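Below is one structure, written out as structure tokens, with a few remarks after it.
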Amino acid sequence: MNNRQLFLQHLAQTTDFPLMIEVEKAEGIYLFGPKGEKYIDLISGIGVSNVGHRHPKVLEAIQNQLDKYLHLMVYGEYVQSPQSLLAKALCDTLPKHLDNVYLVNSGSEAIEGALKLAKRYTGKPKLISCVNAYHGSSHGSLSVGGNEIFKQAYRPLLPGISHINYGDISDLQSIDSETAAVLIETVQGEAGIRVAEKKYFQALRKRCDETGTLLIMDEVQCGFGRTGKFWAFEHVGIIPDIVVCAKGMGGGMPIGAFIANKEVMGVFKNNPILGHITTFGGHPVSSAASLATIEILLEEKLIELVEEKANLIKSLLIHPKIKSIRNKGLLMAVEFESFDVLKPIIDTAIEMGVITDWFLFCDDAMRIAPPLTITEEQIHEACEVIFRAIQKVFP
Ligand code: PMP
Numbered sequence: 043m044n045n046r047q048l049f050l051q052h053l054a055q056t057t058d059f060p061l062m063i064e065v066e067k068a069e070g071i072y073l074f075g076p077k078g079e080k081y082i083d084l085i086s087g088i089g090v091s092n093v094g095h096r097h098p099k100v101l102e103a104i105q106n107q108l109d110k111y112l113h114l115m116v117y118g119e120y121v122q123s124p125q126s127l128l129a130k131a132l133c134d135t136l137p138k139h140l141d142n143v144y145l146v147n148s149g150s151e152a153i154e155g156a157l158k159l160a161k162r163y164t165g166k167p168k169l170i171s172c173v174n175a176y177h178g179s180s181h182g183s184l185s186v187g188g189n190e191i192f193k194q195a196y197r198p199l200l201p202g203i204s205h206i207n208y209g210d211i212s213d214l215q216s217i218d219s220e221t222a223a224v225l226i227e228t229v230q231g232e233a234g235i236r237v238a239e240k241k242y243f244q245a246l247r248k249r250c251d252e253t254g255t256l257l258i259m260d261e262v263q264c265g266f267g268r269t270g271k272f273w274a275f276e277h278v279g280i281i282p283d284i285v286v287c288a289k290g291m292g293g294g295m296p297i298g299a300f301i302a303n304k305e306v307m308g309v310f311k312n313n314p315i316l317g318h319i320t321t322f323g324g325h326p327v328s329s330a331a332s333l334a335t336i337e338i339l340l341e342e343k344l345i346e347l348v349e350e351k352a353n354l355i356k357s358l359l360i361h362p363k364i365k366s367i368r369n370k371g372l373l374m375a376v377e378f379e380s381f382d383v384l385k386p387i388i389d390t391a392i393e394m395g396v397i398t399d400w401f402l403f404c405d406d407a408m409r410i411a412p413p414l415t416i417t418e419e420q421i422h423e424a425c426e427v428i429f430r431a432i433q434k435v436f437p
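Just so you know, we're using the working numbering here: the sequence shown kicks off at 43 and counts up by one.
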């Protein structure tokens, strides 16, 4: 059997439409196939490769750590400098009181930890999240997810969860003194890039303060420079109580974190109640890669150019078939009439060497979230291909 046959035969499938792109090597914004195929990765492996694939500084950090040690001990026991240095670097990007980092392996795990922390710190039973939110695929993170179709097969899910409409100020009244936390994506990703107004977030912050509710902001997809600020919440002028991140954080390595104030995090120890334990959380190789990723984002001034690059993409993707473009920086949804219009365009663009996708809860919009390292010239090249793909499907 060849690799494609093995993929279909022995790997659990997650979709009826796997992209089925075979990759031998990746570099910068490009993926390379076994027969010399070359693709522009315009989705960064779903928001991961913010600093591009195999950034030399990430590779160097990984190599240096490989020469020292791999896994040593479950998280939180030994002093491992990649973890401590990463935690310090993360805190340096954040407002002062967010000074304590819990490292895990993924977005879902970070959400789980943040929810447990909020319940334990406040002693309250209820959680609130948003309609159409995506927070992960584990049982707890699925429970706070806001898409009924995705949840129905797995009931009963976590109790005590209700959903409010993202961006709707009148719904904030349902946050009450029994609410441990509100969990919200600063920019809704899988809903197809929805951006609530600043005044909504300010009202949300106020309501959480009035009711003693912790505000957890999910920056798994929109953090790490993706929207033109290091953290997307910087756009809306509020500070969360807990920040959750993953994806772009590891520069291509698996890692996630939830970050809070030392006092809040202080309740989260295993004595006498089990807190949140993880064997591989903050793996030293991933932590080293993540530290390098933060340095790259800051030193190469990638974040400053996000808005300009997004505007260039918007100016190049003007076509009668494109209904609108929603974006926050380089987190973009290009809206078409329907999935039936979009799907052949995506397929054709891939044949022509540009990879895009749609969203979990929004299948009429094209996902565009390139590595932040993409150059102006490469943006022209990619948009030209998308344009030609549209023309080819709809001559
Ligand atoms: N939160 C958000 C906003 C996400 O986009 C995702 C992943 N798409 C997750 C959480 C879950 O992250 P992971 O797949 O790493 O568990």
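All residues carry an ideal CB built from backbone N, CA and C; glycine is no exception. Everything numeric in this text was worked out from a predicted model, so none of it was measured.
Taking the CA atoms as reference points, residue 110 sits about 11 Å from residue 123. The C-beta distance from residue 381 to residue 232 rounds to 15 Å, too long to meet the 8 Å contact threshold.
By the neighbour-count definition (other C-beta atoms within 10 Å, threshold 16), residue 92 is a buried residue.
Residue 408 carries a strand assignment under DSSP once its states are collapsed to helix, strand and coil. The C-beta of residue 121 has fewer than 16 other C-beta atoms within 10 Å across all chains shown, which makes the residue exposed. When the five nearest sequence neighbours on each side are left out, the beta carbons in the same chain lying within less than 6 Å of the beta carbon of residue 424 are those of 82, 84 and 396, in order along the chain. Taken from the Cβ of residue 177, at least one heavy atom of the ligand PMP lies inside 7 Å. Look at residue 203 here: in three-state DSSP terms it is strand. Within the chosen limit of 7 Å, the ligand PMP does not reach the beta carbon of residue 64 with any heavy atom. By the criterion of a C-beta distance shorter than 7 Å, residue 436 is surrounded in its chain by 363, once the five residues flanking it on both sides are discounted. In its chain, beyond the 5 residues on either side, 144, 152, 155, 156, 284 and 286 have a beta carbon closer than 6 Å to the beta carbon of residue 300.
With respect to the C-alpha of residue 213, the residue from 246, 183, 406 and 203 having the closest C-alpha is 246. At a threshold of 7 Å, residue 377 does not count as near the ligand PMP, since its beta carbon sits no closer than that to any of the ligand's heavy atoms. For the pair residue 94 and residue 413, the CB atoms are nearer than the 8 Å cut-off.
Around the beta-carbon of residue 56, fewer than 16 other beta-carbon atoms lie within 10 Å, marking it exposed. Around the beta-carbon of residue 236, 16 or more other beta-carbon atoms lie within 10 Å, marking it buried. Taking a 10 Å sphere around the C-beta of residue 369, we find 16 or more other C-beta atoms and assign the residue as buried. In the three-state scheme derived from DSSP, where H, G and I count as helix and E and B as strand, residue 179 is classed as coil. Around the beta carbon of residue 312, fewer than 16 other beta carbons sit within 10 angstroms, so the residue counts as exposed. Residue 368 is bridged by DSSP to 375. Boundaries of the beta strand (DSSP E) harbouring residue 172: 168–172, taken from the DSSP string. Under a 10 Å Cβ-count criterion, residue 321 is classified as exposed, with fewer than 16 other Cβ atoms of the shown protein chains found around its own Cβ.
Taking C-beta atoms as the reference points, residue 65 and residue 73 count as a pair closer than 8 Å. DSSP places residue 67 within a strand segment (E or B) once states are collapsed to three. DSSP, read as helix, strand or coil, puts residue 165 in coil. Residue environment: residue 58 is assigned as exposed (fewer than 16 neighbouring CB atoms within 10 Å of its CB, all protein chains considered). With fewer than 16 other CB atoms across the displayed protein chains lying within 10 angstroms of its CB, residue 366 is exposed. In the DSSP assignment, residue 230 is bridged to 236. In summary, residue 351 is buried, with 16 or more beta-carbon neighbours lying within 10 Å of its beta-carbon over all protein chains present. For residue 161, the distance from the CB to the nearest heavy atom of the ligand PMP is not below 7 Å. Ranked by how close their Cα comes to the Cα of residue 375, the residues 167, 47 and 398 have 398 in first place.
Not one heavy atom of the ligand PMP lies closer than 7 Å to the C-beta of residue 330. Beyond the five residues adjoining it in sequence on each side, residue 317 comes within less than 7 Å, by CB distance, of 310 and 311 in the same chain, given in chain order. A distance below 8 Å separates the beta carbons of residue 183 and residue 150. Secondary structure note for residue 112: it is in no alpha helix (DSSP H), with a DSSP letter that is neither H nor E.
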